[in-house]
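Add 23 to the 1-based position in the sequence shown for our numbering, that's all there is to it.
Backbone N, C-alpha and C fix where the C-beta goes; we use that ideal spot for every residue, glycine too.
This structure is a prediction, so every number in the text was calculated from the model and none was measured.
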Amino acid sequence: MNPYILAILLFGLGLGTTITFASSHWLLAWMGLEMNTLAIIPLMAQHHHPRAVEATTKYFLTQATAAAMLLFASVTNAWLSGQWDIQQMTHPLPITIITLALALKIGLAPVHAWLPEVLQGLDLTVGLILSTWQKLAPFALILQINPTNSTILIILGLTSTLIGGWGGLNQTQLRKILAYSSIAHLGWMILVLQFSPSLTLLTLFTYFVMTFSTFLVFKLNKATTINTLATSWTKAPLLTSLTPLILLSLGGLPPLTGFMPKWLILQELAKQDLALTATVAALSALLSLYFYLRLSYAMTLTMSPNNLNGTTPWRLSSTQLTLPLAISTTMAICLLPLTPAATALLAP
């Protein structure tokens, strides 16, 4: 892609998110979300592969539907209450519609079906942008409206953690596994949103760090299926031995970074007398842990299959920058001791 066009598109992505962050008016927030969608579409379709074009079309249709729902709900709110302010949402009907529209935007279950399909059609770099940056603007809006309907949030959160765990069990494609992992993590964030918004932000930050690290590892190995992972030890033996730790951190095992948000969320849910919800969430984390363990096993404890699809690739030195990978991997593995500092910062 032409570097000038790429720069304009990335600038559009940044600007769309910033406009949504800074807006207090629904129309401006909607405009920011639309800029975001329109800026990433050329990036998604840049390879002109039928799968990429299909993924782009699916993404465009779901995002357009969500944006239309958002606009409809904000107009309804203006009609019912006479104001367009984001933080002055009082009527339950527009709040519920907007919550569902934003859930569709970020891919929460039960409106998640587009996310694995879209992510599967993209290359790993654009997939990374879709899994991280594109979640920021809708999350900012969810945090601002602070939905009062707690039941719908808990239902969205629990179904997301369960479907995110179940959906990934039978997958062999890494991008689909990462999509289901994303759905499960978003479910955890939504569960605790109404009780502790700052804890949701901490979970979002740790999810970004771990996902960034995982995508960069797969990109360095040029891996898109589980079988391709088995050949990675020939390319980067040290990184191959660290990758299971990143994956188990995503699964939420102590003493890794990913344990911190899960631990604090379960603690918060128990404080709110939601012991059953906390138990179901913790059990659903075991489902996710299974497929992270499966990836770790395929990467470190198996020899690569010697068929035509799994032949060992040429060991060419990678042109990818390794500093971002080094920083994000260190953060994905080693941040658990900072939990007291994080809790002190989160305290109101």
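Secondary structure of H114 (DSSP, three-state): coil. Here the C-alpha atom of L185 lies approximately 24 Å from the C-alpha atom of K81. Between the C-alpha atoms of A52 and I42 there is a straight-line separation of about 7 Å. Distance from the CA atom of P26 to the CA atom of P347, rounded to whole angstroms, is 21 Å.
Of A364, I63, S47, the smallest CA-CA separation from F34 is found for I63.
DSSP places Q196 within a strand segment (E or B) once states are collapsed to three. Going by DSSP, L252 is part of the alpha helix (DSSP H) stretching over 249-252. Collapsing the DSSP output to three states places H208 in a helix. The beta carbon of L270 is closer than 6 Å to those of Y315, L318, S319 in its chain, skipping five residues each way along the sequence. If only uninterrupted alpha helix (DSSP H) runs of at least 4 residues are considered, those enclosed by the region 281-333 are 282-294, 298-323. Contact check for P73 against A96 fails: the beta carbons are separated by 8 Å or more.
In this structure, L310 is the residue among A132, E291, L310, F83 with its C-alpha nearest to the C-alpha of L192. With 16 or more other CB atoms across the displayed protein chains lying within 10 angstroms of its CB, G275 is buried. P139: member of the alpha helix (DSSP H) spanning 137-143, first to last residue. Restricted to the region 68-114, the alpha helix (DSSP H) segments that are unbroken, complete and at least 4 residues in length are 73-104, listed in chain order. The Cβ neighbour count for L344, taken over all protein chains shown within 10 Å, is under 16; the residue is labelled exposed. Taking a 10 Å sphere around the C-beta of L324, we find fewer than 16 other C-beta atoms and assign the residue as exposed. Take the alpha-carbon of A259 and the one of K245: they are about 12 Å apart. H208 sits buried, since 16 or more C-beta atoms from the chains shown fall within 10 Å of its C-beta. For F231, the enclosing alpha helix (DSSP H) begins and ends at 220-243. When only Cα atoms are considered, T302 and S236 end up about 29 Å apart.
When the Cα atoms are used, T266 and L297 turn out to be separated by approximately 34 Å.
Secondary structure note for S351: its alpha helix (DSSP H) is the uninterrupted segment 346-357.
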